[in-house]
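Colleague: Structure in structure tokens, see below.
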Amino acid sequence: MKFNYYAKKITGEEKKGVIEAKDRFDLAHALRKKGYSLVSLKEIGGVNFLSRFSSIGSVSVSDKMMFTKNLSVMIKAGLSISRALDILVKQTKNKKFMRVISRLMEKTREGDPLSLAMKGYPKVFSKLLVSMVKVGEETGKLSESLEVAGFQLERDHLLMKRIKGAMMYPSIIIIAMLLIGVFMFIYVVPTLVSTFSELNVELPLSTKIIIAISNILSNHFLAAILVFAVAILLAIWATGTEKGKGFLSAAFLRLPLVSPIVKKINSARTSRTLASLIGSGVNVLDALSITRDVLQNHRYKKVLETAGRNVQKGAPMSDAFKEAEDLYPALIGEMMSVGEETGKTSQMLDQLAAFYEAEVADATKDLTTIIEPILMLFIGAAVGFFALSMIRPMYSMLNGI
0 MKFNYYAKKI TGEEKKGVIE AKDRFDLAHA LRKKGYSLVS LKEIGGVNFL SRFSSIGSVS
60 VSDKMMFTKN LSVMIKAGLS ISRALDILVK QTKNKKFMRV ISRLMEKTRE GDPLSLAMKG
120 YPKVFSKLLV SMVKVGEETG KLSESLEVAG FQLERDHLLM KRIKGAMMYP SIIIIAMLLI
180 GVFMFIYVVP TLVSTFSELN VELPLSTKII IAISNILSNH FLAAILVFAV AILLAIWATG
240 TEKGKGFLSA AFLRLPLVSP IVKKINSART SRTLASLIGS GVNVLDALSI TRDVLQNHRY
300 KKVLETAGRN VQKGAPMSDA FKEAEDLYPA LIGEMMSVGE ETGKTSQMLD QLAAFYEAEV
360 ADATKDLTTI IEPILMLFIG AAVGFFALSM IRPMYSMLNG I
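Residues in the sequence shown are numbered from 0 upward in steps of one, following numbering that gives the first Met the number 0.
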């Protein structure tokens with residue numbers, strides 16, 4: 000990797016230029032040896048093919064769960080952090096994660112705190128995990144913080160797994176329907192069109208629509224695929240903008256079947272994340288900021304922002320949740336309030352998290368049960384429309400005889 004850097008000595012002597020290093024840590028370490036402190040740096044483009052290839056892959060949540068849990072156990076057993084990381088390097092099968100852990104081991108041996116080393120890999124270690132490790136280091140309870148972080152990752156992973164599981168069946172059915180539909184339009188409809196032409200009958204509007212779609216797919220298949228791909232890319236881009244995210248957030252909260260589940264999911268994630276952070280010793284303001292980053296829905300993010308502003312003004316965190324009863328159930332605001340009064344906020348949040356995680360599990364099971372008959376009705380309607388559109392011209396011909 001090449002970096003454009005700017006460094007400075009205590010005496011005020013400056014140094015800048017372009018240098019090659021493994022990563023920003025290596026660069027900072029090399030400059031420190033010469034008495035310089037790194038002020039700023041920027042990675043220069045033109046990464047070679049091998050380095051691009053080596054970055055392919057990702058670190059799964061399961062990998063991170065095993066990392067935090069095993070590291071917690073080894074530190075509790077009395078092993079040093081660098082020794083524990085060395086063992087994890089040998090145990091890890093994920094090549095990318097192995098390189099990351101190896102760099103963590105090198106940095107801790109050089110004297111850097113584990114949290115600082117982890118902070119250099121934001122795509123692997125979230126703010127939530129780094130903050131919990133940092134608090135563990137500061138309080139001398141790193142093993143306990145890692146254990147809580149591992150539990151947090153596990154619960155979050157289980158939550159998302161349930162949601163994906165609930166959506167798997169309808170997704171497969173919809174994709175299968177689309178593929179069958181394309182096959183019918185390209186191969187079946189053209190044969191029927193030639194029959195209709197020979198019979199010279201008046202075609203109803205529904206049949207004309209199907210024939211028009213068939214002609215587009217048959218004669219301009221690549222162009223149709225290209226338009227479809229561009230439409231998907233535009234949709235992805237639009238949902239990535241602030242307005243797009245706001246629109247999606249509002250839409251999910253208005254859909255009849257989806258809205259209750261979205262509220263339960265966000266209630267569970269908010270409670271679990273805040274419980275883990277506050278219970279580990281992270282201050283309330285930082286906990287609210289990190290939880291805000293964890294949530295995806297923009298309307299829920301705004302509630303966390305309001306809660307942060309309230310805390311800065313000296314008001315209770317629970318006030319913002321009580322005012323947002325259209326998003327968070329009244330139970331959350333009330334339980335938080337009790338926790339603040341009794342000094343047991345993290346325990347109350349932990350109970351709320353367990354309750355809403357169970358609610359999400361039940362809701363996702365119910366969703367699968369409800370979606371199945373709806374899909375069957377939709378498929379039946381689509382098949383019926385297609386069949387009637389193809390059969391009606393034949394009936395018209397028979398009536399004319």
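Beta carbons: idealized from backbone N, C-alpha and C, even for Gly.
Let's test the definition: count the other Cβ atoms within 10 Å of the Cβ of ILE260 and tell me whether it reaches 16, buried, or not, exposed.
Modeller: With a threshold of 16 other beta carbon atoms within 10 Å, ILE260 meets it and is buried.
Colleague: Please name the residue, chosen from LYS207, LEU178 and LEU177, that lies closest to LEU191 on a Cα-to-Cα basis.
Modeller: LYS207
Colleague: Which runs of the beta strand (DSSP E), 3 residues or longer, sit entirely within the region 310–364?
Modeller: The region 310–364 contains no whole beta strand (DSSP E) run of 3 or more residues.
Colleague: Where does ASN3 sit, in a helix, a strand or coil, going by DSSP?
Modeller: strand
Colleague: Can you give me the C-alpha to C-alpha distance between LEU113 and SER130, rounded to a whole angstrom?
Modeller: LEU113 and SER130: Cα-Cα distance of roughly 11 Å.
Colleague: Quick check: the Cα distance between ASP25 and GLY243, rounded to an integer number of angstroms?
Modeller: 39 Å
Colleague: Measure the CB-CB distance between GLY278 and VAL147 and report whether it falls below 8 Å.
Modeller: yes
Colleague: Count the C-beta pairs between the region 346–361 and the region 254–268 that are closer than 8 Å, then say yes if the count reaches three, no if not.
Modeller: yes
Colleague: At which residue ranges does the region 143–225 contain complete alpha helix (DSSP H) runs of 4 or more residues, listed in the order of the chain?
Modeller: The qualifying runs are 188–198 and 204–218.
Colleague: Tell me which same chain residues have a C-beta within less than 7 Å of the C-beta of LEU115, skipping the five on either side of it?
Modeller: none
Colleague: Would you decide whether LYS8 is buried or exposed? Buried here means 16 or more other CB atoms lie within 10 Å of its CB.
Modeller: exposed
Colleague: Quick check on DSSP: helix, strand or coil for LEU127?
Modeller: Helix, per DSSP.
Colleague: With DSSP as the reference, please indicate the residues paired to GLU13 in a beta bridge.
Modeller: Answer is LYS7, bridged to GLU13.
Colleague: Relative to the C-alpha of VAL337, which residue among LYS106, LEU348 and ALA249 is closest?
Modeller: With distances taken between Cα atoms, VAL337 lies closest to LEU348.
Colleague: Between which residues of its own chain and LEU233 is the CB-CB distance below 7 Å, once the five residues before and five after are set aside?
Modeller: none
Colleague: THR138: which of MET389, ASN282 and PHE377 sits nearest, CA to CA?
Modeller: ASN282
Colleague: Measuring straight from C-alpha to C-alpha, what distance separates GLU12 and SER36?
Modeller: Whole-angstrom Cα-Cα distance: 10 Å.
Colleague: From what residue to what residue does the alpha helix (DSSP H) around ALA76 run?
Modeller: Where ALA76 is concerned, there is no enclosing alpha helix (DSSP H), given that its DSSP letter is neither H nor E.
Colleague: Measure the beta-carbon distance from LEU303 to ARG291 and round it to whole angstroms, keeping in mind my assumption that it falls under 8 Å.
Modeller: 4 Å
Colleague: Label ASN199 either buried or exposed according to how many other C-beta atoms from any shown protein chain fall within 10 Å of its C-beta, with 16 as the threshold for buried.
Modeller: When all chains shown are included, ASN199 counts as exposed.
Colleague: Pair every Cβ in the region 296–310 with every Cβ in the region 323–331, then say whether three or more of these pairs are closer than 8 Å.
Modeller: Three or more pairs of CB atoms, one per stretch, sit closer than 8 Å, so the region 296–310 contacts the region 323–331.
Colleague: With distances taken between CB atoms, is the gap from MET104 to VAL123 smaller than 8 Å?
Modeller: no
Colleague: Return yes when the Cβ of LYS41 is within less than 8 Å of the Cβ of ASN3, no when it is not.
Modeller: yes
Colleague: So for LYS41, helix, strand or coil by DSSP?
Modeller: Looking at LYS41 - three-state DSSP - the assignment turns out to be strand.
Colleague: Might you give, ordered along the chain, the residues of its own chain that have their beta carbon closer than 7 Å to the beta carbon of LYS63, omitting 5 neighbours on each side?
Modeller: LEU152
Colleague: Taking the C-alpha atoms as reference points, what is the distance between PHE66 and ALA27?
Modeller: 26 Å
Colleague: Using the Cα positions of LEU20 and LYS1, report the straight-line distance between them to the nearest angstrom.
Modeller: The sequence as given places Ala at residue 20; Leu does not occur at that position. Cα to Cα, the separation comes out at about 6 Å.
Colleague: Considering only the beta carbon of each residue, do VAL188 and SER213 sit closer than 8 Å?
Modeller: VAL188 is a Cβ neighbour of SER213, given a cutoff of 8 Å.
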